[in-house]
Amino acid sequence: GHPTPSRTPQYRHAPTPNSASEIYSLSPVRLGSQKILLSPKKQPRPVNKVPYKVLDAPDLADDFYLNLVDWGSSNSLGVGLGNCVYLWNSQSGRVNKLCELPDDTITSVSWIQPGSHIAVGTGKGFVQIWDAEKLRRLRTMTGHTARVGSLAWNDHILTSGSRDRLIYHRDVRAPDQWLRKLTGHKQEVCGLKWNCDDGQLASGGNDNKLIVWDKLSETPLWKFNDHTAAVKAISWSPHQHGLLASGGGTADRRIIFHNTLKGTTINEIDTGSQVCN
């Protein structure tokens, strides 16, 4: 009889054992995904340890509790030096003196995002708002009786924290000095950060407390007591709702992660050093 034709495909050049044609010959994995799966693992991106730019900062206060440097949306850096605020434009390299307070000191700076207005906290407890384009002061707000070391924006709401242990919400569109007064901390308020998407404010203090406030409520939503030193470094995850990281000072050295939807502590990392930012 006649030989039965073979149904086995004949290869002029047999594929190598690791080739995609063999591994994925019967696989539903798309070609693009096959290439990703077969590509060699990427090495971590090396980070240059040598700065490409160094700015002189005479009179920059060596004080853990102050917040004297902040980036603006127009790529300008605001820096508080002594009793002056300077603006450095990273594109042109130009430096402008925004203001000089003859009988006061700069204790915090914070840009509105986005925009060209910058808030300035002072040693005497004032909060000023400046137009960085026109180099002009727009207003001065009172309320605090001690230095204002932390500032945070949420749209038109400017929040300030002070050594007087108080937090003020201020609506910068209104003539009133402040809108709400929060009294959750027993020592200096040294960290403030808004989660603008969820409308939650996190505040950290020298009393080792991390407090979460919902919107403009004067009653704390959560109080976390995990840290054993001042809480200045605070950051909200931009990827996951309700994920908050906080860093402790010298006696603590940890970054702790919190779920603010449930009021729980998730994880912690010992950094071996105080966490400043």
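Under the numbering used here, the first residue of the sequence shown is numbered -1, with each subsequent residue one higher. A virtual CB, placed ideally from N, CA and C, is assigned to each residue, including glycine.
Under a three-way DSSP split, which group does residue i fall into?
i    : result
N247 : The residue you asked about is not Asn; residue 247 is Gly in the sequence shown. It is coil, neither helix nor strand.
S31  : helix
L214 : coil
L75  : strand
L208 : strand
L199 : strand
I116 : strand
Is it the case that the Cβ atoms of residue i and residue j are separated by a distance below 7 Å?
i    : j    : result
N87  : S74  : yes
I127 : H142 : no
G240 : N257 : yes
V187 : I155 : no
K96  : L58  : Position check: residue 96 holds Leu in this sequence, whereas Lys was assumed. Cβ atoms of L96 and L58: not closer than 7 Å.
G189 : S233 : no
T105 : R145 : yes
A231 : N193 : no
S158 : V125 : yes
T226 : A200 : no
S215 : V229 : no
I254 : V273 : no
K221 : G197 : no
By a C-beta neighbour count over all protein chains shown, 10 Å radius and 16 as the cutoff for buried, is residue i buried or exposed?
i    : result
D60  : exposed
N65  : buried
I209 : buried
V93  : exposed
I264 : exposed
G76  : buried
I267 : exposed
G80  : exposed
N206 : buried
G279 : Examination of residue 279 is not possible in this model, given that the chain is present from -1 through 275 alone.
Enumerate in chain order the residues of its own chain whose CB-to-CB distance from residue i is below 6 Å, with the five nearest sequence positions on each side excluded.
i    : result
P42  : none
G203 : H183, Q185, V187
T6   : Below a pLDDT of 50, predicted positions are generally treated as unreliable, and T6, at 45, falls in that range; no measurement from the model is reported.
I110 : W151
G78  : L66, I104, V107
Between residue i and the ligand ZN, is the CB less than 6 Å from at least one heavy atom?
i    : result
C274 : Although the ligand ZN was asked about, the structure shown includes no ligands whatsoever.
Using a Cβ cut-off of 7 Å (strictly closer), state whether residue i contacts chain D.
i    : result
N193 : No chain D is part of this structure, which consists of one protein chain only.
With a CB to CB cut of under 8 Å and the five nearest residues on each side skipped, what residues in its chain are close to residue i?
i    : result
G270 : R251
Ignore the nearest five residues each way along the sequence and tell me which others in residue i's own chain have a CB closer than 7 Å to its CB.
i    : result
D129 : S114, H115, L136
S72  : S114
T138 : F124, Q126
- request: Quick one: which unbroken beta strand (DSSP E) runs of 3-plus residues sit fully inside the stretch 83 to 111? Chain order, please.
  value: Correct list: 93 to 98, 104 to 109.
message: What ranges does the beta strand (DSSP E) occupy inside the stretch 128 to 196, keeping only unbroken runs of at least 3 residues that lie completely in it?
response: Runs of the beta strand (DSSP E) lying entirely within the stretch 128 to 196, each at least 3 residues long, are 134 to 139, 146 to 152, 155 to 160, 165 to 169, 178 to 180, 187 to 193 in chain order.
- prompt: In chain order, which alpha helix (DSSP H) runs of at least 4 residues are fully inside the stretch 220 to 264?
  reply: Runs of the alpha helix (DSSP H) lying entirely within the stretch 220 to 264, each at least 4 residues long, are absent.
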